[in-house]
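Residue numbers (the numbering used here): 913 to 1492. What follows is a set of notes on a single structure, which appears directly below.
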């Protein structure tokens, strides 16, 4: 069928629905509802779809569209649930089970007939993590079922007036309902509030006399202080005391009305560093700071004991002959500092006596490449872009040059641009079914780097590499495995991925053929180096990237700024590798 996707943003779920419907042979196009009703009408008139699907919609479809066409809308709540903050309410209230519904658009919001639905167990994770994993699994399955039912023609959708459906309207969850009462809320309550708003809209609060939004929340098992007291920083995150414990907050976002020139999410410590120090904090420090000088930086060990409950974005553990280097950065973005710290951890992992080294393997994003928010907030965005790219290239090169063991990239979720090229630098790529890959850079006006001109063609061939990078379309895990981007699909739920990767890695380490494979890998790397050195790939890619970074008129700067600040960048087709 010809299917038009209408979405407020081409986010992770929209990309997954696009990719999986494409896998089934449907012909698709996309229009952003944020471009206005006339843009939607124009897309319908031009594409003439047999069906319209709205995977993520924040505004109502034009009445003339849903009256003339069947429009299926994905609602992130169980049958009967209605309102604009469904998943937020579920997490705030501590729901253990939740659902998703595919319903037909009509005059009343979320009140249309039901074409399909699904349910899932809610894990102790942030809203964006749950949305991209458990909810996305349920939603994608429901959309495919609904489209199949529509194509069949015999299915009669279920009206919400059925006696078995309990209708509940949930109002928009406002900041006064999200606000943390640091004096009285216990840690569990604080975490629920933070997690229910981790990506958007954040929890409005006040730090050092400035209004900010708090993004993300993780428990801390040892640090303690007066309720609401700022206790420490760690790798860009901020620790704050609760009534009965403490929590780590990875990111802050200054309120737009504060006059801050960078009112968007970025590492909490760097935002706080720009605020006035509390009275009695001692003399200030000269120069730009990435963290507040008046708080201690308390690092976490790379190899944390299993009984610790604390936040850290990079961890290493070892089981027998397998090393696991896991990392998790908000939004999958990796700043210059992130890349350098991860490279140091990778070099440490190489000193350990293992035959298999697994990168990633946790929940959610693998990586989306360079950190556009940190770059946009920098005094010199071009210089920071360059530094970030060099740091990520150094990390990718270290993986490519590892010849004494088998390296596996384990993708629990999505990967894009340079983050995907980091994954492809490994010997094998294992991907959870449901993951979406974006092997391109074009939507940010970039040629790309991270040795993609070496890694991508050697996996999929030069012709397919050219198509992937020029079309800039999302690729499902299933299609990625079929074309060679992925070596192994891991068909498990998000919460089971780490354990299953551990089992598969142990199995790989015990393979009698592993030593031969490692030797063959070293031989192949040597042959490739003789044919064309990695340094030559790097030089050619970086020359093109440098020309863009340091050209004030290059489209990259406007596209980056529009993406970070969430403002329209024109009405181009919204096929992006970044997540919303």
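For every residue, glycine included, the Cβ atom is placed at its ideal position computed from N, Cα and C.
In this structure, the alpha-carbon of residue 1472 lies about 22 Å from that of residue 1162. Taken atom to atom, the span from the alpha-carbon of residue 1338 to that of residue 1009 is near 37 Å.
Within the segment 1327-1357, complete beta strand (DSSP E) segments of at least 3 residues are found at 1340-1344, 1348-1350, given in chain order. For residue 1187, there is no enclosing alpha helix (DSSP H), as DSSP marks it with neither H nor E. Rounded to whole angstroms, the gap between the alpha carbons of residue 1418 and residue 1152 is 39 Å. Cβ contact annotation for residue 1050 (same chain, cutoff 6 Å, sequence separation greater than five): 1012, 1030, 1032, in chain order. Separation of the CB atoms of residue 1187 and residue 1122 is rounded to 5 Å, and the pair is thereby assigned contact status at 8 Å.
With fewer than 16 other Cβ atoms inside 10 Å of its own Cβ, residue 1096 counts as exposed. Our two residues, residue 1429 and residue 1450, have alpha carbons roughly 26 Å apart in a direct line.
For the set 1365, 1158, 1426, the Cα lying nearest the Cα of residue 1318 is the one of 1426.
As a beta-bridge residue in DSSP terms, residue 1009 pairs with 1033.
According to the DSSP assignment, residue 1064 belongs to the alpha helix (DSSP H) that extends over 1048-1064.
Counting every other CB atom within 10 Å of its CB across the protein chains shown gives residue 1278 a total of 16 or more, marking it as buried. For residue 1265, the three-state secondary structure derived from DSSP is coil. With contacts defined by Cβ atoms closer than 9 Å, residue 1004 and residue 1131 do not form a contacting pair. Listed in chain order, the alpha helix (DSSP H) elements of length 4 or more contained wholly in the segment 1295-1321 amount to none.
With a cutoff of 9 Å on beta-carbon distance, residue 924 and residue 1326 are scored as near each other.
In the pairwise beta carbon analysis, the segment 1102-1109 is classified as touching the segment 987-1004: at least three pairs are separated by under 8 Å. Residue state for residue 1072 is assigned as coil, using DSSP reduced to three classes. In the structure shown, residue 1419 adopts helical secondary structure according to DSSP, grouped into three states. Counting only residues of its own chain and dropping the five nearest sequence neighbours on each side, residue 1071 has a CB closer than 7 Å to the CB of 1025. Within the segment 1381-1454, the runs of beta strand (DSSP E) that reach at least 3 residues and sit entirely inside it are, in chain order, 1400-1402. DSSP places residue 1457 within a helical segment (H, G or I) once states are collapsed to three.
For residue 919, the CB contacts under 6 Å within the same chain, skipping 5 residues up- and downstream, are 926, 967, 968 in chain order. About 7 Å separates the CB atoms of residue 1023 and residue 994; that is less than 8 Å, so the two are in contact.
Distances from the CA of residue 1020 to each of 1062, 1053, 1210, 973 were compared; the closest alpha carbon is that of 973. Going by C-alpha positions, residue 1092 is about 8 Å away from residue 1115. Burial check for residue 1127: the Cβ neighbour count within 10 Å reaches 16 or more, so the residue is buried. Taking residue 938 as the centre and dropping the five residues before and after it, the same chain places the C-beta of 913, 915 closer than 7 Å to its C-beta, in chain order. Relative to residue 1284, the option among 1478, 1307, 1446 whose CA is nearest is 1478.
When the five nearest sequence neighbours on each side are left out, the beta carbons in the same chain lying within less than 7 Å of the beta carbon of residue 1083 are those of 995, in order along the chain.
Residue 1438 counts as exposed, since fewer than 16 other beta carbons sit within 10 angstroms of its beta carbon.
Residues of the same chain with a CB within less than 7 Å of the CB of residue 1077, apart from the 5 flanking positions on each side, are 991, 992 in chain order.
Counting C-beta atoms within 10 angstroms of its own C-beta, residue 970 has fewer than 16 neighbours from the protein chains shown and is therefore classed as exposed. Under DSSP, residue 1171 shares a beta bridge with no residue. Remark: C-beta atoms of residue 1301 and residue 1461 approach each other more closely than 9 Å.
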